[in-house]
Amino acid sequence: MREQPEPCVTPENDLPMRRTGRAGRRCHWFPEIHLVDEESGFGGFCEQPLGVA
């Protein structure tokens, strides 16, 4: 298994999503959507901040 960076949401990461990061700042989450059409050879990517106020 490869090592995941701290901000990744994985079964192995038991850190709370609402927390302070290593630098002492509040963490923000960005859901990512990846759409790939391998047959046609193209894809897209979108990310948007989640609940940043």
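Just so you know, the sequence shown maps onto residues 163 to 215 in this note's numbering.
Cβ atoms here follow ideal geometry from the backbone N, Cα and C, with glycine treated the same way.
These numbers come from a predicted model, not from an experiment.
Proximity of residue i and residue j at Cβ, strictly below 8 Å
i	j	result
Glu174	Pro193	no
For residue i: DSSP bridge partner residues
i	result
Val198	Gly205
Glu188	In the sequence on display, residue 188 carries Arg and not Glu. Answer is Thr182, bridged to Arg188.
Leu212	Trp191
Exercise. Tell me, please, whether the stretch 195-204 touches the stretch 172-184 by the rule of three or more beta-carbon pairs shorter than 8 Å.
Key: Cβ pair count under 8 Å is below three, so no.
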